[in-house]
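Input: a single structure, listed below in structure tokens.
Residue numbers (the UniProt record's numbering): 1 to 597.
Spelled out as structure tokens, the structure:
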């Protein structure tokens, strides 16, 4: 499916059939191969809100971008040249030097083509430009904010993956690559187009691509940024300071990382320590002896040890001014903001996590679409009698909300997911006889491999991680620790601390203490740091964590009073008593619900 963007799509649920019979009891087993459900189970249906662009339309966008000579996010500010001149220098968000490489060596590279035909009789007002990017999840492209902010990528963009060659023949020859539309876009909310600060963005594709993703570095990474560290930059940008022609073939260059002191000494206040990193040897003033990123490389990755540590951001005019370096967004600083966009699958398909609930008396399930600080009117998902757990996740990372639910009669757990190619849903049993499991949690990626995992707590209070393989199957379970049955709630979906790692929130049965278990990105006993008491929460009898409800990149929390008032606690990203901002009432009629997804 060549795939174009959909602005928005909704998921609805059909009427489940009551479960019957008991599966063979194999205690504590999690199935790693497909097993059919004993009876028909809920079958959601997807309703695209808008149609996908045709292949011809995507090819038109590619051709227009290739023919265009615009520069994404072009701006200006003073004294960026390393020369003695103090006159303002134009920033050309930007490989001169380096060598050609293959897509096999960098399978995650992506071409970002943007073409906006303004619909007038002249082409002078059309906008066409090219940027680079990296596939960081099957439906996610990491790039620069200056390539995204102010542009409608859903209406005018196309992504090409799986090839080292730029398209030819008016965009129709992709040289073995695949072209895809864009579903939605996100850029750092604090991006400043004048200073090119906080220059990072994520594009979401409507279909997963086959390209092998590359991971971002972690928030605690300091080794990759030590002066002299060898890093590689990739892109199709300009190969000469005297020509605007970009490279037809993917290029790479090895650049030494420079210290903040060196970068600030060159660029002064234009270099924002902690937000930016510069790399390369001082430019010579000409192409000869210079190796640097340049125009067209914008948004591409700077890689150390197969992790993205930087995103091509800016440099000096024509890229080779004497003494200049290439400047990149420092990914370790922004992984906390960008990672939630890699795991933002939800019911309605926007950037905000939604709520799923079941009525205790009628057993009707409902979804409530997040509006940021409130929820829309509920939508019925049919009768959910016969189930005692329903969870939202995306085990196959295809950008569509999956469902995990446990059958009351025998404790069997099922996973149902949408198959894009056929427009149908596939359901399989993933766990057998989990009736005595006191907790089942789908918090996202716990182990740090960008693949969502499954957690459970057994009757003895032992927590287990089932590392996801990205296809609904799991590696052998790994023990985390014991003692988890002291809590009457263990919830989590996403990152509560802003470091790009998945965390958990647990509430003690006695004392009503709320504890943060900060994720480390590792499996086993080291999966979570020692707990931190962040709140004393009495007066609540139900909790939920569905992810980033407000859409600001921080995981949020929900708590219900016995009287039925549901409060939203917006996340702050702080691992302290200030972990949540002031609560917001989102409704007073939630006493009727016995399952929160």
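C-beta: ideal position from N, C-alpha, C; glycine also.
Tell me where the beta strand (DSSP E) around residue i begins and ends.
i	result
residue 553	Taken as a continuous stretch (DSSP letters only), residue 553 belongs to no beta strand (DSSP E), as it is neither H nor E.
residue 131	127–137
residue 158	157–161
residue 432	424–432
residue 204	201–204
residue 178	178–180
residue 263	No beta strand (DSSP E) holds residue 263; the alpha helix (DSSP H) holding it covers 260–267.
residue 590	From DSSP, residue 590 is part of no beta strand (DSSP E); its letter is neither H nor E.
residue 359	355–359
residue 113	109–116
residue 491	487–491
residue 185	184–187
residue 234	230–235
residue 193	Run containing residue 193: none; DSSP gives neither H nor E here.
residue 278	276–279
residue 506	504–508
residue 103	Counting along the chain, residue 103 falls outside any beta strand (DSSP E), and DSSP gives it neither H nor E.
residue 312	307–314
residue 252	251–256
Do residue i and residue j have their CB atoms nearer than 8 Å?
i	j	result
residue 409	residue 434	no
residue 375	residue 355	yes
residue 252	residue 281	no
residue 250	residue 106	yes
residue 568	residue 584	yes
residue 451	residue 442	no
residue 229	residue 256	yes
residue 353	residue 546	yes
residue 194	residue 178	no
residue 188	residue 334	yes
residue 224	residue 309	yes
residue 173	residue 128	no
residue 181	residue 126	no
residue 463	residue 484	yes
residue 543	residue 507	yes
residue 143	residue 205	no
residue 236	residue 349	no
residue 447	residue 476	no
residue 342	residue 586	no
May I have the straight-line CA-CA distance separating residue i from residue j, to the nearest angstrom?
i	j	result
residue 100	residue 73	27 Å
residue 369	residue 163	38 Å
residue 360	residue 379	16 Å
residue 399	residue 445	14 Å
residue 124	residue 301	31 Å
residue 534	residue 116	49 Å
residue 23	residue 528	Bear in mind that a pLDDT of 27 at residue 23, under 50, signals an unreliable position, so the model cannot answer this.
residue 267	residue 337	26 Å
residue 597	residue 391	5 Å
residue 366	residue 439	22 Å
residue 591	residue 538	17 Å
residue 227	residue 217	17 Å
residue 518	residue 420	35 Å
residue 598	residue 582	The requested residue 598 does not occur in the structure, where the chain is confined to residues 1 to 597.
residue 436	residue 113	52 Å
residue 209	residue 134	12 Å
residue 274	residue 401	35 Å
residue 570	residue 312	32 Å
residue 383	residue 573	37 Å
residue 154	residue 186	11 Å
residue 425	residue 412	19 Å
residue 489	residue 148	40 Å
residue 278	residue 215	20 Å
residue 307	residue 121	46 Å
residue 372	residue 461	35 Å
residue 221	residue 491	27 Å
residue 524	residue 549	29 Å
residue 339	residue 495	8 Å
residue 240	residue 247	Residue placement at residue 240 is poorly supported in this model, since its pLDDT is 48, which falls under 50; the coordinates are not used for a value here.
Taking the continuous alpha helix (DSSP H) assigned at residue i, which residues delimit it?
i	result
residue 332	331–342
residue 63	55–67
Residue ranges of each beta strand (DSSP E) within the stretch 519–584, 3 or longer: Taken in chain order, the whole beta strand (DSSP E) runs of length 3 or more contained in the stretch 519–584 are 532–536, 542–547, 556–560 and 566–569.
The stretch 196–213 in contact with the stretch 479–486 per 3-pair CB rule at 8 Å: No: the two stretches stay apart, fewer than three of their Cβ pairs being nearer than 8 Å.
Alpha helix (DSSP H) segments (min. 4 residues) lying fully within the stretch 363–440: At a cut-off of 4 residues, not a single continuous stretch assigned as alpha helix (DSSP H) sits fully inside the stretch 363–440.
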